[in-house]
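Position in the sequence shown (first residue = 1) + 1 = our numbering.
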Amino acid sequence: MEKKSSVRFSVHKAEEPASTDAASTATTAATSNNFVKKQTSFSTKVQDEHQPKAPIRMYQISESETPEHNQRALYEDDTGKNAFVTEVIQNLVHRDVEEDGGDDAGAGDDDIEAAKALKKPAKCFKFGKKAALKKKNAKKLGTVLGVFFPCVQNIFGVILFIRLVWVADKQNKRKKFQTLTTSISMSAIATNGEVSGGGVYFMISRALGPEFGGAVGILFYLGTTVASSMYTVGAVEILLQYMAPNMAIFGPVTDPSSAYNSYRVYGSALLFIKFLCVFVGVKFVSKLSPVVLFCVLFSILCVYIGIFVANPERGPQVCFVGDRLLALKKIKNVTTEEVRCDKSRDGFIYAMYCDSPEYEDNDDWCKYLNQSTVEMRPGIPGLASGVFLRNIWSHFSEEEGTRIGSKVKGDRNRGDIVTDIATSFVVLIGIFFPSVTGIMAGSNRSGDLADAQKSIPVGTISAVLATSFVYISCMLLFTATIEGQFLRDKFGESMGGGLIVAHLSWPNPWVIMVGSFLSTCGAGLQSLVGAPRLLQAIASDGILPFLNPFAVLNNGEPKRALLLTGFIAECGVLLANVDYIAPIITMFFLMCYCFTNMACALQTILKIPSWRPRFKYYHWSLSLFGVLLCLTLMFMSSWYFALVAIALAAFLYKYIEYKGAEKEWGDGLTGLSMSAARFALLRLEDNDPHVKNWRPQLLVLCTVDEKYQPKYPNLIEFAAQLKAGKGLTMLVTVVEGSCGVDCSKAAEVKNSLKNFMKVSKIKGFVDVILAEDVPKCLTYVVQGAGLGTLRHNTVLMNFPSKWRENITANRKFIDLIRLINNKNLALLVTRNIEQFPNSSTPKFKGTIDVWWVVHDGGLLMLLPFLLMQHKVWKNCKMRIFTVAEMQDNSVQIKKDVETFLYKLRMNAEVQVIELHSQDISAYAYERTLIMEQRSEMLKQIKSDASAHIDPQQIIDLNRKQDFLKVPEITASKETAMDGTQYTYSSSSAHLLKDMLINQKPKSKNVRKMHSAVRLNENIKEKSSMAKLIILNLPPPPKHQSGEENYMDYIEVLTDGLNQLVMIRGSGKEVITIYS
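Laid out in structure tokens, this is it:
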């Protein structure tokens, strides 16, 4: 049995004032309280050094007597709801200790978990040996190894070695500036909070939302996948074109068609080998990366050394006929390997130009040979040659097959080196841009970085600046070192095939060839490793349902995603041409860079409070310029590829939006919407809108049942059928309850109504209000709903079905009508709402009958027009019945109404109904008498609270009269007359009975009831088959004395009418005849 713990401490009392002693005792007790929970004993000594020791007082405090108040609590201890600051900070800072690490699948919700940590008390952390060992074993990379080196390795790829000389300073500055702006924008985003795994996808999705994040993430995945195809084809090109041309299968590699077929075979084999390496595991890839990077850097160093030691004797010699560069194989003896570059008649050049049955001596080719100098020139004359000024200008080939450096068609049979692709400024942008797309390599490893916010900006920008210096300096030095025609010899045909940059390097061309081959294979392997993980991260976020199967990990490896990546990469390999694959990659990466810049610009312009990046060297104008530059480069490179990429991103965006992205990451587009809404609300003038801009802004007052479902669901469906008005819809219900107790009930009701609105496809807002006095709260809702000038102008509610049983509710209903009327709002009151159609109802065929008695605004005409835009009412026709008296000219009234409808651009059948001035019918007299007797009886009941009589006795007595039919009066918890129970004596009951029997109705009321009866008869006669009847709602009584009669009047007017809408306009609902 556990012993009862106690705390013992001693206080050495000094000779001080009592107040001091009390304070010391209180302090000691507070200290004791903190340690009681740990079941420890301690001794505290409080003593003044200059005072003599006082007698020791011993205190014994049991745990049961310890105060329960926490010393850090503010008045009340609410740690069950809110944690203390120390615990929250501990939770956030050491959150990685609890994680299992390495898996980026859940990285998308890190910000949500961090937000939860602020609301929940801190849990027990895994501090101790196991957690410390785990944290120690976690491999976290720094700036150099984690960001700088991966970016450099990806930027220095296949283009650097096999295309950089060919491009030769035609355009690089623009692309480098574009990558620099993107790097700056990415640095700002990366330092604005914790960056988990997922890299650029994580940053864009959290900045622009799941729709943009998913769309751009897929494009970035496709770009990374196709990049592996480009690196594979580039490696095969280096192998077959420069290292081992004899390995070609389908013919010489100088023939493009046969070379491409060889590329496809070897490329597929190389891709399969890479696939197996990645499928087994990434350990081999991780070990290979430093070796590959060393080869790349060493190769670049050899290129720089070769540039500065280049001279005419060291480099290759090439043959020129005038300014035409000849292919070596055409002037070389295969047997003796003798190269003859002369004009002698027994030489190869004369045979190609003049000595042929097809050519004559006066042929242009032969004339050109006779007039030109034939000589061997150094292909790499060196920096001192002065070729820089001749090479600085661009030389493009407008079409395929032209002689390099010329616009004339070339002839390979005569030794010409011809272009294999048309070149221009925009084409070369698309080809060269993939060489600078490695800037995201560091951010893609954000989950493995020790401090991503510090490493990504420094490492990425440093890599961009360093590689930019290498690219620009190399291109300028190439231009100043290599002969112009030789510079444009893409495959080195003038020297028998080979990499020009390899022959430029020091000490041997094989250094560059081997280094470039390994570099290209390594870059392709890195892309093949990163792409499946990116796809798995997107799939794990759950924003694209069709990607859910790829969220599965097998032994920590996304093998399903790898299979799909391998298939897509193989499709890219089958293109077999780097120049065709590169523009595709350009589009995907430019889209990614565009949205990175957009995210930075958007959040900077909106000045969102959560936008607080540590990286300060950015500006929204620079990011916006980056957006425009990305879009410009996309369309300059290939406008049709750009349109395909944009269309694919738009499709993915709408697909995610359609499926309903359940992730909420507080994106910048939400902030943009809020800023736009605020701007629009402030711009709206606090005046009535122009007649052209008037539209029904609906406030739907609904009620819910015991299961929190709409009591009248068709009322909400009817509001949905009015959505053609393009107005605001607010669905409000008032639930009886208290805010301190029933908040959960209100939340359930709100979720239920939201789901119903979603099913009904209503775009609007839902609000649930808790109140103890529901009718009174409804008046507040009618007066205060909305925001600023964006408020409702029309109220939609249902007519009380059991109004005779609920006298108090009747009064509240009339008060609500009176309030709506005084607030100059339009009112729609439905009756028999259960019979109204819903969204699943087939299309109606019939008529919508409008009974136009009083003109109190244009809503009576506008409502059927809006309804007929909906699919349910689309096949219905509108009929308008207007009421006239006997002395009116009915024919002229009909023509006037038809003319008015023509000007309103509305099609409707018009009928004029004449109400005859007949004698008062017995039915009208009887209904009026019932109405007045019921009203008088209620007045007497309320006026004499001291009398005692059973109301049922009055009702039974009145039922004995043949003409008297007083409705039964019942009392319940909700409907009792103002909550008061009235009883009457027998004598009072007889007195009241005699008064009611002898009562005669007032002539004014009889006339009103007669009109209602006659109008009701005409409506039932003309509109008994109508699918919907629209009628003016009678105005509410001005005085309280007529409230009881008002409900009876409406009852008589609408008796026997199904699917009825009564409208009370405010006079502002103008329907204009002008455009």
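By construction, the Cβ of each residue, glycine as well, lies at the ideal position given by its N, Cα and C atoms.
Keep in mind that this is a model prediction, so the values were computed, not measured.
Q.
Could you check whether Q154 and S290 sit closer than 9 Å to each other, using their CB atoms as the reference points?
A. yes
| So the alpha helix (DSSP H) R561 belongs to, where does it begin and stop? | Unbroken alpha helix (DSSP H) run through R561: K560 to V574.
Checklist line | Residue from E401, K330, G158 and E886 with nearest C-alpha to S300 | finding: G158
message = Under 8 Å: do the segment 399-415 and the segment 313-320 share three or more Cβ pairs, one atom per stretch?
response = no
Around the Cβ of M869, are there at least 16 other Cβ atoms within 10 angstroms (buried) or fewer (exposed)?
buried
When DSSP labels each residue in this structure, what does P379 get in the three-state scheme? strand
- Query: Do you know offhand how far V855's Cα is from F866's?
  - Reply: 19 Å
Exercise. Taking DSSP as the reference, what is the three-state secondary structure of L500?
Worked result: coil
message: Would L683 and L699 qualify as a contact pair, given that the criterion is a beta-carbon distance under 9 Å?
response: no
Item to check | Where K878 falls: helix, strand or coil (DSSP) | outcome: Strand.
Check: Per DSSP, T883 forms a beta bridge with which residues?
Finding: For T883, the pairing in a beta bridge is given by DSSP as W853 and V913.
Checklist entry - Are the beta-carbon atoms belonging to F882 and N1019 less than 9 Å from one another? => result Result yes, Cβ atoms of F882 and N1019 sit closer than 9 Å.
| query | So R1065 packs on N822, CB below 8 Å; how close in whole Å? | reply | The pair is a contact, with the Cβ atoms about 7 Å apart (cut-off 8 Å).
Got a sec? Which residues, its chain only, sit under 6 Å from V286 by beta carbon, not counting five neighbours each side? L526 and V530
Going by other Cβ atoms of all chains shown within 10 Å of its Cβ, with 16 needed for buried, is D774 buried or exposed? exposed
- For Q318, which of helix, strand or coil comes out of DSSP? When secondary structure is reduced to three states using DSSP, Q318 falls in the strand class.
- Message: Buried or exposed, going by whether 16 or more other CB atoms sit within 10 Å of the CB of V884?
- Response: buried
Discussion item. What does the Cβ neighbour count give for E494, buried or exposed, with the cut at 16 atoms within 10 Å?
Written reply: buried
8 Å contact criterion, which C593 and V217 should meet: CB distance rounded = Right, the Cβ-Cβ distance comes to about 6 Å (below 8 Å), so this counts as a contact.
- Task: Return the CA-CA distance between Y354 and V292, expressed in angstroms with no decimal places.
- Result: 50 Å
| Taking the DSSP output, what are the residues bridged to D417? | L327
Within the present structure, is the beta-carbon of G218 separated from the nearest heavy atom of the ligand GTP by less than 8 Å?
-> Ligands are entirely absent from the displayed structure, and the ligand GTP is therefore not among its contents.
request  = Given a cut-off of 9 Å, decide if V166 and C303 are closer than it, judged by their beta-carbon atoms.
outcome  = no
To the nearest angstrom, report how far apart N833 and L1029 are at their CA atoms. When only Cα atoms are considered, N833 and L1029 end up about 11 Å apart.
Q) What residues match up with V733 in a beta bridge as DSSP calls it? A) L702 and D768
Item to complete: Can you say whether V335 is buried or exposed, counting buried as having 16 or more other CB atoms within 10 angstroms of its CB?
Response: Taking a 10 Å sphere around the C-beta of V335, we find fewer than 16 other C-beta atoms and assign the residue as exposed.
Just to confirm before moving on: does the CB-CB distance between T182 and G627 stay below 9 Å?
yes
### Query
In angstroms, rounded to a whole number, what distance separates the CA positions of A385 and M637?
36 Å
Would you identify the three-state DSSP class for I332, choosing helix, strand or coil?
-> coil
> Got a sec? Which residues, its chain only, sit under 8 Å from D1056 by beta carbon, not counting five neighbours each side?
Replying inline: Same-chain partners within the cutoff: N1017.
Item to complete: Please list, in chain order, all residues of the same chain as A249 whose beta carbon is under 8 Å from its beta carbon, the five residues on each side excluded.
Response: In its chain, beyond the 5 residues on either side, L241, S259, A260 and S263 have a beta carbon closer than 8 Å to the beta carbon of A249.
Tell me where the beta strand (DSSP E) around R832 begins and ends. A827 to R832
query = Is the segment 531-549 touching the segment 219-229 in the sense that three or more CB pairs, one from each, lie closer than 8 Å?
reply = A contact exists between the segment 219-229 and the segment 531-549.
Q: Grab me the residues of R265's own chain with a C-beta within less than 8 Å of its C-beta, minus the 5 sequence neighbours each way, in chain order.
A: V574, L575 and A577
Quick one: what's got a C-beta closer than 8 Å to C278's C-beta in the same chain, skipping five residues either side?
F285, V286 and L526
Next on the checklist: I need the DSSP call for R58, collapsed to helix, strand or coil.
Outcome noted: The predicted model places R58 with a pLDDT of 46, which falls under 50 and marks its position as unreliable, so this point remains unresolved.
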